[in-house]
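J.: Got a structure for you, written out below as structure tokens; questions coming shortly.
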Amino acid sequence: MNVTSSTSARPGARRPEAPPGPAIDALLVAVAVSFGYLLIAVPNIELITFTAFAAGFVLGRSRGALVGALAMGIYSGLNPYGSGLAVPPLYVAQVAATALAGFIGGASRGPLGSSARNATGAGRTTVAHSAAGAAIGFVLTAVYQSAVVLGLASLSPEFRTGLFSAVAANAFFSVVHLVSNTVIFAVLTPLVLPRLAARAARFGRRGPENRRGSEGAP
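So the sequence shown is numbered by the numbering used here: it starts at 3 and just counts up by one.
Here's what the structure looks like:
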């Protein structure tokens, strides 16, 4: 007797439902901001970028971008070491770059999501996810640091001089940020994304691009 089949076919049985969208968005924003303040005393080592990326992986591109923007907006705006709002170009650069991380997380759902769901724990898949995560983390951090440098340079009356000064002043911290985020993405991508993919599949919460691709499927 197949208990599973009879249970799934039971009249009135309901599939698990995910919490309302805004609740998930707010929760992930809170997680990202909490991670930010948790590591605030450690210069340029942070988990906000990866959390925004993971949020996009679960929620899709637009909502991932929203989570990233809100998380960085709150964290930078309320930073006890100095509010980003005091330097508007820098603040906008930080928010936009973190929103991009959420967007890229959603865009990565297709190439990373299917293999994560189908081969959780497989050694080859883990290595591939780690390498992909490292590359994504490096690129996103490079974009973030470039945006920050441009934001700082825009404050100078002479943009070229300000650009060189910003690059020189931030060189060491940029390298620390690049290396740390590359490692963070390499380690957490194979550990976190397969679980998020499984949870998203369980609740039927797939990105818009995946929903469109599955329309009409039996």
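By construction, the Cβ of each residue, glycine as well, lies at the ideal position given by its N, Cα and C atoms.
#1: Got a sec, what are the start and stop residues for the alpha helix (DSSP H) residue 99 sits in?
#2: Could you check the C-alpha separation between residue 139 and residue 52 for me, to the nearest Å?
#3: Assign residue 44 to one of three DSSP states: helix, strand, or coil.
#4: Taking just the CA atoms, how far does residue 159 sit from residue 186?
#5: Can you look up residue 80 in the DSSP assignment and give me helix, strand or coil?
#6: Decide if the stretch 96-116 is in contact with the stretch 64-83; the criterion is three or more beta carbon pairs, one per stretch, under 8 Å apart.
#7: In angstroms with no decimal places, state the Cα-to-Cα distance between residue 75 and residue 128.
#8: Under 8 Å between the Cβ atoms of residue 56 and residue 136?
#9: Leaving out five residues before and five after residue 2 in sequence, what residues of the same chain have Cβ atoms less than 6 Å from its Cβ?
#10: Which residue comes first and which comes last in the alpha helix (DSSP H) that contains residue 58?
#11: Could you check the C-alpha separation between residue 177 and residue 89 for me, to the nearest Å?
#12: Taking its Cβ as the centre, do 16 or more other Cβ atoms sit within 10 Å of residue 153, making it buried, or is it exposed?
#13: Where are the alpha helix (DSSP H) runs, 4 residues long or more, that stay fully inside the stretch 139-173, in chain order?
#14: Thinking just about the alpha-carbon of each residue, which of 40, 49, 111 and 38 is nearest to the one in residue 198?
#15: If the criterion is Cβ atoms closer than 8 Å, does the pair residue 39 and residue 99 meet it?
#16: Just to confirm before moving on: does the CB-CB distance between residue 47 and residue 182 stay below 8 Å?
#17: In whole angstroms, what separates the C-alpha of residue 50 from that of residue 72?
#18: State the Cα-Cα distance for the pair residue 122 and residue 201, rounded to the nearest angstrom.
#19: Using only alpha-carbon positions, find the residue among 196, 26 and 23 that is nearest to residue 113.
#20: Nearest CA to the CA of residue 134: which residue from 96, 191, 24 and 45?
T.: In this structure, then:
#1: As a position in the sequence shown, residue 99 is number 97, starting the count at 1. Counting along the chain, the alpha helix (DSSP H) containing residue 99 begins and ends at 90-109.
#2: Along the sequence shown, one-based indexing puts residue 139 at 137. Along the sequence shown, one-based indexing puts residue 52 at 50. Cα to Cα, residue 139 sits roughly 8 Å from residue 52.
#3: If you number the sequence shown from 1, residue 44 lands on position 42. Of the three classes helix, strand and coil, the one that applies to residue 44 here is coil, per DSSP.
#4: The count along the sequence shown starts at 1 and reaches residue 186 at position 184. The count along the sequence shown starts at 1 and reaches residue 159 at position 157. Those two C-alpha atoms are separated by around 37 Å.
#5: Translated into the one-based positions of the sequence shown, residue 80 becomes position 78. It is coil, neither helix nor strand.
#6: yes
#7: Counting from 1 along the sequence shown, the entry for residue 75 is found at position 73. Counting from 1 along the sequence shown, the entry for residue 128 is found at position 126. Cα-Cα distance, rounded: 33 Å.
#8: Position 54 of the sequence shown, counting from 1, holds the residue named residue 56. Position 134 of the sequence shown, counting from 1, holds the residue named residue 136. Cβ distance not < 8 Å, so residue 56 and residue 136 don't count as in contact.
#9: Residue numbering for the chain in the displayed model covers 3 to 220; residue 2 lies beyond these limits and cannot be assessed.
#10: Translated into the one-based positions of the sequence shown, residue 58 becomes position 56. Here the alpha helix (DSSP H) through residue 58 covers 50-61.
#11: The sequence position of residue 177 within the sequence shown is 175, counting from 1. The sequence position of residue 89 within the sequence shown is 87, counting from 1. Residue 177 and residue 89: Cα-Cα distance of roughly 23 Å.
#12: Position 151 of the sequence shown, counted from the start, is the residue given in the question as residue 153. Buried, by the Cβ-count rule.
#13: none
#14: Sequence index remark: in the sequence shown, residue 198 carries index 196 (1-based). Answer by Cα proximity: 111.
#15: Residue 39 sits at position 37 when you count from the first residue of the sequence shown. Residue 99 sits at position 97 when you count from the first residue of the sequence shown. Contact: no.
#16: Residue numbering aside, residue 47 sits at position 45 when the sequence shown is read from its first letter. Residue numbering aside, residue 182 sits at position 180 when the sequence shown is read from its first letter. Yes. Within cutoff.
#17: Looking up residue 50 in the sequence shown gives position 48. Looking up residue 72 in the sequence shown gives position 70. If you take the alpha carbons of residue 50 and residue 72, they lie about 11 Å apart.
#18: On the sequence shown, residue 122 is found 120 positions in, with the first residue counted as 1. On the sequence shown, residue 201 is found 199 positions in, with the first residue counted as 1. Only weak support exists for where residue 122 lies, its pLDDT of 47 falling under 50; the coordinates are left without a value.
#19: For the purposes of this step, residue 113 is identified with residue 111 of the sequence shown, where counting begins at 1. Closest by alpha carbon: 196.
#20: Start at 1 with the first residue of the sequence shown, and residue 134 comes out as number 132. Per the Cα distances, 191.
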